[in-house]
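Counting the sequence shown from 1 gives a position; my numbering is that position plus 985.
We put the beta carbon where it would ideally sit given N, CA and C, even for glycine.
Presented below is the structure to which this report refers.
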Amino acid sequence: MKLQKSFILTLTTATMLSTSAMADTPVYLDRTKPIEQRVEDALSRMTLEEKVNLCHAQAKFSSYGVPRLGIPEIWMSDGPHGVRAEVNWNDWGYANWKNDSVTAFPALTALAATWNPELSAVYGKNVGEEARYREKDVLLGPGVNIYRTPLNGRNFEYMGEDPYLAGEMVVPYIVELQKNGVAACVKHFALNNQEKWRGNINVNLSDRALYEIYLPAFKRAVQDGKAWSIMGAYNKIWNEHCCHNQRLLNDILRGEWGFDGVVITDWGGAHDTKQAALNGLDIEMGSFTNGLTLEADFGFNDYYLADPYLEMIKRSEVPESTVNDKARNILRLIFRTAMNADKPFGSLASPEHYAAAKMIGDESIVLLKNTGILPLDPAKYKNILVVGENAVRKLNIGGGSSELKVKDMFSPLDAIKKVYGDGVKYAEGYRTGPSLYEQEVIIPAEILDSLSNQAVEMARGMDAVIYIGGLNKNGFQDCESSDRREYNLPWNQDKLIERLAEANPNIVIANISGNAYAMPWLDKVPAVLQSWYLGTMIGPSMVDVISGKINPSGKLPFSFPKRIEDVGAHSFGEYSYPGIEGTTAGNAASDLKGADVSAGKDPQQEYLEDIFVGYRWHDTKKIPALFPFGQGLSYTTFSYGKATASAKTMSADGNLTVTVPVTNTGSLEGKETVQLYIQDEKSSLPRPLKELKGFKKVNIKPGETTQVSFTITPDDLKFFDDRQHAWVAEPGKFKALIGTSSADIKTEVQFTLK
Ligand code: GLC
C-alpha cells in the first residue's frame, strides 16, 4: 500500500510539474498551439538584429534561426531530381561527406512525359524522404519554367511547353514532398526561360502571355500545391529583378494568389537593399556569386538584407514593419519544417526509392517511331552493338545545380548486357569530354572520325544496333548558365547515325536528352525512342522498354520542331531570342531602331510570339512539328470511338461531361493518355487553335474498351483578357477535341456556352 501511495504521489507531482511546466512553456515552443500564434509569440521575443538575421544566408545553403530562443536555422539543398551532395560552408566546393550519396530520380522533363499525376505524387514522396533523411528543410525545386525554346540549357529540369500539363504535374510532387516536413521551393519565379544573360536580362511580354503561359504552373503550385517557398528568378521583368519585384511578388504572388510562404532569391538574385526590403523578398541567398562557380570575399553581414538593411531600418529609411513581415513568413516556414515535430524520418537510396525512380522512368520513355523492329526480342536478338557515349556516361554529373552524387547509377549498356547476354558489344561512336560550365571541350575531328569509323565497322553484320546518344550535361548542352548553340545533335552524331543505318538497317535510336533536336536521319531508321535523364535507374528502364518488358506509354511534354526556324521564339529575330544586349527598354522590335547599345545596360528581349508557344504556335501558324506535343506510341494500338457530351449547352455556372470510348485494338496491355483540348470558335481576342485542358492516362487490356470522361467547367473555356485584367469565358460555340496528341485529334464534340 505504502509503495503504491508514494508512487501515486510522485506521479501527481510529476503531472503537476509538467502541467505547470506546460503553463510556463512559451507559446512558440508549444506544439499544441496554432502556428500563427507561435509565429506572433516568437516574433514578440526577438530583437531587431535577430529579425534581420533571419532574412539572409549564414552559409552557402543555410539561413539563420534564433539560437538564443532555440529556434533552429534553415538548411536548404538542391535540387529537383534528388538531394545534392553537401557543399562547403561558404564556397561552391563539395564537402566530400561520406553519407550523402543518394538516389538520382528522373529529370522533371521525364516526370512530365509520364503524363501521370499519380507518379508525380510518388516522386514527391520519395524525393522528400531523401531530403528529410539528409536533414534538409527546403528542397530547391521543382522547376516549372515553360519550354519556350529548345535551346534553353535548363529545360531538362522543367515540365514542358504547356502550362496545364506543368500545373497538373507539379501539384502532387509538392503535396507529397511537404508531407515529409520539407518545403518545396518552386522555381524560378518567373520568366527564366533561357540561360543566356539569365542574371539581368529584362523580359518584356504581354500580360496575356504572362498570365496564360508563364504564370499558371506557379499559381497551381502555390494555390493547390500550397508550396511553402518559392524561388525568385535571376532575370528582370518590368526592369525590376524578379527576386525583389513589386508587381510580381507583392501584387501577384501575395495579392492575387494569397501566397503565405517564403520568397527566397536564386543564389545571387538580390541586387538592392531598399527593393529587397519593400518588394516581397524574404530570404537572400548566395549574394555576390553567379549561383554556380564565382565566389566573392563578402561576409554574410554584407548582404543586402544584413547590415545595410539593419541600418536603413534604424535610420527609418524603410519601415520596421517590413522586417516583421519577412520574419513572420520565415518563422512560419521554420515551424512547418525544422520545428515540425510530426514529420517522419525519411530514408535514403532505399530499394523503394529505386523502384519509384524506375516506375517513373518506365512511363516516361516516348516511342516516336516503330516500323516493327521494336520490341527487340532477347530470344531473337543476340549479337547487338550498342553505340553512343550516353550508354555509359554518368549523366547525373554536370548540368549545374541539379547534379547529384549517386549511390548507384545503372547504365544502359550494363542493363542491356544483363538482358541480352554476352553477344552485346559496345562502340563509343563519338566523344564529348568532361561536363564544365560555360565552356566546351572541342574533340579533334580526327578522333571523332576514328570513333565513328570504328562503330560503323562494328555495326556491319550484327543482329541489331542500339544507338544511345543525344545530348548531355556539358556546357552549351543541357546545362545551367548556358544555352545550346545549335538545334542539331552535336559531335557529328547526325552523320554517325546515317552511316550506322547504312551499315545495319536494324538500328534502334534511343536518344537521351532534355531538349528537342533535329532528326535529319529519321527516314533512314526503323525506330526512335526518346529517353530522358532518368538517373539511377536509367539502364533498367531503357532496356525494359527496348526488350518489351515494359510497354512504352510516355508522351512528349514539348514539341519536336523540324528545324529551329519553326519555333515561335525564333521567328522574330534576336530581340525575341536571345535578346539584345545593352539596349534600353524596348516594347517592340520597332523601338529598337537606333537603340542605345552602349555596354552595361541590361539585355532586353520580348516574347514576340506572345501566347503562341509550342503546339499553340505550330497549330496556329500551320507549321507541323516533326513530332507534336502529346505524341507517343505504344507496342499496342488504340482506337477512339465517337465523343459524346452530356449536354449541348453549358451555363456560366454549370459544367458539361464529355465521354469517349477508347479500345485497345492490339495484342498487348498498354497505357494511353487521352488528351482533351478546347477550341473557342470565336473570341474577342486571338486564341490558339486549341489548348490542353484535360488528360487521362488509362491502362487498357487487349480487346477491352474504356469509357474516358472529362468534366468541362467554364474555367476551362476562359482566356486572360488583359484589357480588363480578368479571366473571361465569352458565350458562344466551343469544341472539345479529344486526341492522342495535339496534332492527332480523333473525335470532337461541339457545345455552346450560354
Ligand atoms: C543556382 C540555380 C538554382 C539553384 C541555386 C542554388 O544558380 O539557378 O536553381 O537552386 O542556384 O544552387
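- Between the alpha carbons of Asn1381 and Asp1015 lies a gap of roughly 42 Å.
- Of the candidates Asp1122, Pro1546, Arg1416, the residue whose Cα lies closest to the Cα of Gly1331 is Asp1122.
- In this structure, Asn1275 has its beta carbon less than 8 Å from a heavy atom of the ligand GLC.
- Distance between Ile1358 and Leu1352, taken at the CA atoms: about 12 Å.
- Per DSSP, the unbroken alpha helix (DSSP H) holding Ser1532 starts and ends at 1523-1532.
- Secondary structure of Pro1397 (DSSP, three-state): helix.
- Apart from sequence neighbours up to five positions away, the residues of its chain that approach Ala1376 with a beta-carbon distance below 6 Å are Pro1397, Leu1398, Ile1453, ordered along the chain.
- In the three-state scheme derived from DSSP, where H, G and I count as helix and E and B as strand, Ser1272 is classed as coil.
- Proximity of the beta carbon of Asp1251 to the ligand GLC is indicated: a heavy atom of the ligand is located closer than 8 Å.
- Gly1184 and Phe1090 have their C-alpha atoms spaced approximately 28 Å apart.
- For the pair of segments examined, the stretch 1144-1158 was found to touch the stretch 1125-1135: the number of CB pairs separated by less than 8 Å reaches three.
- Judged by DSSP in its simplified three-state form, Pro1646 adopts strand.
- The closest heavy atom of the ligand GLC lies 8 Å or more from the beta carbon of Lys1204.
- Inclusion of Asp1287 and Ser1272 in the CB contact set at 9 Å is warranted, their separation being smaller than that value.
- Judged by the Cβ position, Gly1626 fails to qualify as a neighbour of the ligand GLC at the 8 Å threshold, every heavy atom of the ligand being at least this far.
- For the set Glu1471, Glu1591, Pro1511, the Cα lying nearest the Cα of Val1450 is the one of Pro1511.
- Contact between Gly1067 and Leu1389 holds: CB atoms are separated by about 5 Å, below the 8 Å threshold.
- If you keep only unbroken alpha helix (DSSP H) runs of at least 4 residues inside the stretch 1479-1515, you get nothing at all.
- DSSP places Met1297 within a helical segment (H, G or I) once states are collapsed to three.
- Note on Ser1526: 16 or more other CB atoms within 10 angstroms of its CB, so buried under the neighbour-count rule.
- When C-alpha distances from Leu1611 are compared across Leu1028, Ser1726, Gln1022, the shortest belongs to Ser1726.
- Closest in alpha carbon position to Gln1462, among Ile1494, Ser1437, Thr1417, Gly1253, is Thr1417.
- Rounded to the nearest angstrom, the Cβ distance from Gly1499 to Trp1517 is 7 Å, consistent with a contact under 8 Å.
- Within the same chain, Phe1557, Ser1561 come within 6 Å of Leu1593 by CB-CB distance, once the 5 residues on both sides are set aside.
- Beta-bridge partners assigned by DSSP to Gln1616: none are found.
- Between the ligand GLC and Glu1465, a heavy atom-to-CB distance of less than 8 Å is present.
- Relative to the ligand GLC, Phe1046 has its C-beta within less than 8 Å of a heavy atom.
- Taken in chain order, the whole alpha helix (DSSP H) runs of length 4 or more contained in the stretch 1033-1121 are 1033-1039, 1093-1099, 1102-1118.
- When distances are taken from the beta-carbon of Gly1217 to the heavy atoms of the ligand GLC, even the shortest one reaches 8 Å or more.
- Rounded to the nearest whole angstrom, the CA to CA distance from Leu1176 to Leu1485 is 41 Å.
- The Cβ atoms of Asp1701 and Ile1663 lie closer than 9 Å to each other.
- Linking Arg1232 to Leu1507 through their CA atoms gives a straight-line distance of about 46 Å.
- Taken from the Cβ of Lys1172, at least one heavy atom of the ligand GLC lies inside 8 Å.
- In chain order, Thr1644, Pro1646 place their CB closer than 7 Å to the CB of Gln1692, counting only its own chain and leaving out the 5 sequence neighbours on each side.
- Each residue's CA atom was taken as its position, placing Glu1161 and Ala1106 some 6 Å apart.
- With a cut-off of 8 Å on Cβ pairs, the stretch 1589-1605 is in contact with the stretch 1666-1685, counting three or more such pairs.
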